[in-house]
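Peer 1: Quick one: structure below, then a few questions.
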Amino acid sequence: MTIALIKTLQVILALSILILIHEFGHFIFAKIFGIRVDKFYLFFDAGDKKIFSTKTGWFTKLCPKAAQWETEYGIGWLPLGGYCKIAGMVDESMDTDYLQNEPQPWEFRTKPAWQRLLVMAGGVLFNFIFAIIMYTSILAKWGESYISNEGNSIYVNELAYEMGFRNGDRILLFDDYKPENFGMLQADLARQTAKRATVLRGTDTLNIYIDQNMIGEVLQTPGMFGLAVPFVVSEVAESSLNKSLDMRAGDRIVMLDGQQVRFLQDARPILQESAGKEICASILRGADTVTMNMQVDSSGTIGVMLQRPEIKTKEYTFLSAIPGGFVKTYETIGGYIQDLKLVATPSTEAYKSVGSFIAIGQVFPSTWDWYSFLNIIALLSIMLGVMNLLPIPALDGGHIIFTIYEMITGRKPSDKFLYIMQIIGMILIFGLMFLAFGNDIARLIR
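Laid out in structure tokens, this is it:
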């Protein structure tokens, strides 16, 4: 099974679960308030073409009573989402035939505003509840592990170097914000829209002033802050060509072939050039410097294991994981809202980082891993929930805004107004989709 196929299957499975969870939120509240739901579909049945339906084909032969069910359940052919068609509501189906008839008690439009509000908010609510369940499960099973920013140094790429960061810097602050998770440094820099980074360089504390015009590049350039790995020996592998040498735990290799190496990343190109040859190494052992000749194997390594950075791990019981799941969901929602603010700020050019299914597919690992899958699906559930809260007509947020307006003013927007807003919203959504696909295609070309 190819990597592309594995990633594709993970994307389809994740999006299918999230769509069903979201639409079920609308569905369950509609049912609670006695509103008829005509269709419940995974993917869109554009042109009335469908892969599966409970009211046609083989399923009705297997279960004849399904044809009499109030709701048609099915799978459409267009994998761009899904929908829950609620009777008496202007939605993405753009079906307005019901407007020609008198309002019915089982229709959405005849229900009190607070009930309609809950129906509209149900999808987002279920997305957030699902994220809480996922994060609670992750914390209960695996706990929370991360490399602490405290005491660790960065190894920079070209963009970070251009901004003023240097290999070996320790990032202390972004403005007044103290980053804790080393793996989130780049995200923290962008989300805080930091104007100043305080770093420890050697024994000096320096301020690096951030050009705000570069925030867009920060969002589009992965790997700004790699972990600078000191070239400190932990042990020599049994299969190493250098097993017979007197290398000890704690030895720090500081020079190879006459070239200074502070970190493992500095050593790699030197070792690659010396693959299959002997190389002279200078080793710092306590206060002494030891010189020895080492064999470099054909893959460009010397067969030693290095001291690993300390990984902080917090373990949870099932009960303690529940509030932990709430906190993790809350923090992730906050982080994603900050990301959206950047996207909405043209000067950051963060809109260029918006992606579609292609970008989502690249996030999934090339092999099946439950920990990664659950983390990604929890994040995507939050992204789906927050995106649907945007006050754009055709999204849940647009419907919610109109309903809240009605509750405050006592004036209900007309069905004609809602229909026009739905069209405008659909145009905006398709525009966002074209932007996302365009960005993904541009990235693939580059």
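Residues in the sequence shown are numbered from 237 upward in steps of one, following our numbering. Glycine included, every Cβ here is placed at the ideal spot set by N, Cα and C. Nothing here was measured: the structure is a model prediction, and the numbers come from that model.
#1: Which residue marks the beginning of the beta strand (DSSP E) containing Y319, and which one marks its end?
#2: Determine contact between the region 534-549 and the region 350-361, defined as no fewer than three beta-carbon pairs at a distance below 8 Å.
#3: On the criterion of 16 or more Cβ atoms from any shown chain inside 10 Å, does F362 qualify as buried, or is it exposed?
#4: Figure out for me which residue from E338, G462 and R484 has the closest Cα to the Cα of V469.
#5: What are the start and end residues of the beta strand (DSSP E) that includes R521?
#6: Hey, how far is the Cα of P582 from the Cα of I451?
#7: Looking only at C-alpha atoms, which of E338, L278, L631 and L500 sits nearest to I311?
#8: Check whether the region 629-637 and the region 374-382 touch, using three or more Cβ-Cβ pairs below 8 Å as the test.
#9: Assign Q658 to one of three DSSP states: helix, strand, or coil.
#10: For a cutoff of 7 Å on Cβ pairs, would you count F364 as touching chain B?
#11: With 16 other CB atoms within 10 Å as the buried threshold, where does A580 fall?
#12: Please report how far the alpha carbon of Y641 lies from the alpha carbon of Q456, in whole angstroms.
#13: Let me make sure I understand the geometry here. Which of D281, W305 and F280 has the alpha-carbon closest to that of T290?
#14: Who pairs with F609 in a beta bridge, going by DSSP?
#15: Give me the Cβ distance between S617 and L251, rounded to the nearest whole Å; I'm assuming they're in contact under 8 Å.
#16: Verify whether the separation of the beta carbon atoms of D274 and A323 is less than 7 Å.
#17: Rounded to the nearest angstrom, what separates A199 and I665 at their Cα positions?
#18: In whole angstroms, give me the CA-to-CA distance for M643 and Y566.
#19: Just tell me which of L654, L668 and M669 has its CA closest to the CA of V326.
#20: Residues in the same chain with beta-carbon distance under 7 Å from D411, minus the five sequence neighbours each way, listed in chain order, please.
#21: Quick one: residues in its chain with C-beta nearer than 7 Å to the C-beta of S518, no 5 flanking neighbours on either side, listed in chain order?
#22: Using a 10 Å radius around the Cβ and a threshold of 16 neighbouring Cβ atoms, would you call M372 buried or exposed?
#23: Using 6 Å as the cut-off, classify the Cβ of R498 as near or not near the heavy atoms of the ligand ATP, replying yes or no.
#24: Which stretch, first to last residue, makes up the alpha helix (DSSP H) that contains R488?
#25: Whole angstroms are fine: how far does the CA of D482 sit from the CA of A511?
#26: Shortest alpha-carbon distance to R498 belongs to which of I390, T568 and F288?
#27: Threshold first: 3 residues or longer. Then list the beta strand (DSSP E) segments lying entirely within the region 340-424, N to C.
#28: Leaving aside the five residues before and after L463 along the sequence, list all residues of the same chain whose C-beta is less than 7 Å from its C-beta, in chain order.
#29: Given a threshold of 16 other Cβ atoms within 10 Å of its Cβ, counted over all protein chains shown, does Q422 qualify as buried or as exposed?
#30: Looking at C-alpha atoms only, which residue of Y607, G404 and E474 is the closest neighbour of V465?
#31: Spatial neighbours of M657 within its chain, please: C-beta separation below 7 Å, excluding the five flanking residues on both sides.
#32: With 16 other CB atoms within 10 Å as the buried threshold, where does Q246 fall?
#33: Tell me the DSSP bridge mates of P466?
#34: Quick check on this structure: which residue in V454, M399, V360 and F288 has the alpha carbon closest to the alpha carbon of M420?
#35: Inspect the beta-carbon positions of I368 and F562 and report whether they are closer than 7 Å.
#36: Can you tell me which of the three DSSP states E471 falls into?
Peer 2: Per the coordinate set shown:
#1: It spans L314 to I322 - the beta strand (DSSP E) in which Y319 sits, taken as one unbroken run.
#2: Flag = no, the region 534-549 and the region 350-361 do not touch.
#3: F362 counts as buried, since at least 16 other C-beta atoms from the protein chains shown sit within 10 angstroms of its C-beta.
#4: If we check each option's Cα against that of V469, R484 comes out closest.
#5: Where R521 is concerned, the enclosing beta strand (DSSP E) stretches over E514 to R521.
#6: Near 11 Å, if we compare the C-alpha coordinates of I451 and P582.
#7: Answer by Cα proximity: L278.
#8: Touching, no, given that fewer than three Cβ pairs across the two stretches are closer than 8 Å.
#9: Helix, per DSSP.
#10: In the displayed structure, chain B is absent; only one protein chain is listed.
#11: Counting the other CB atoms within 10 Å of its CB gives A580 a total below 16, which places it among the exposed residues.
#12: Taking the straight line from one Cα to the other gives about 38 Å.
#13: Comparing Cα-Cα distances from T290 to each of D281, W305 and F280, the minimum goes to W305.
#14: In the DSSP output, where bridge partners are listed per residue, F609 has none listed.
#15: In fact, because the Cβ distance is near 10 Å, the residues do not count as touching under 8 Å.
#16: Yes, Cβ-Cβ distance for D274 and A323 is below 7 Å.
#17: Since the displayed the chain opens at 237 and closes at 682, residue 199 lies outside it and no answer follows.
#18: When rounded, the distance between both Cα atoms is 27 Å.
#19: Here the closest residue by C-alpha is L654.
#20: For D411, where only same-chain residues beyond five positions count, the Cβ hits under 7 Å are Q428, A430, K431 and R432.
#21: If you ignore the 5 residues before and after S518, its C-beta comes within less than 7 Å of the C-beta of V490, M491, T525 and T527, all in its own chain and listed in chain order.
#22: The sequence given here places Thr at residue 372; Met does not occur at that position. Within 10 angstroms of the beta-carbon of T372 lie 16 or more other beta-carbons, which makes it buried.
#23: In the structure on display, the ligand ATP does not appear, and there are no ligands present to speak of.
#24: Here R488 belongs to no alpha helix (DSSP H); instead the beta strand (DSSP E) covers R488 to L492.
#25: Between the alpha carbons of A511 and D482 lies a distance of about 21 Å.
#26: Closest by alpha carbon: I390.
#27: The region 340-424 contains these whole beta strand (DSSP E) runs: 380-383, 390-392 and 406-410.
#28: Excluding residues within five positions, the ones whose Cβ falls inside 7 Å are I383, N388, Y391, F418 and P545.
#29: Buried.
#30: Among Y607, G404 and E474, the Cα nearest to that of V465 belongs to G404.
#31: Contacts found: P629 and G634.
#32: Buried, since its Cβ has 16 or more Cβ neighbours within 10 Å.
#33: Answer by DSSP bridge pairing, in chain order: F499.
#34: Considering only alpha carbons, the answer is V454.
#35: Contact flag set, yes.
#36: E471: strand per DSSP, three-state reduction.
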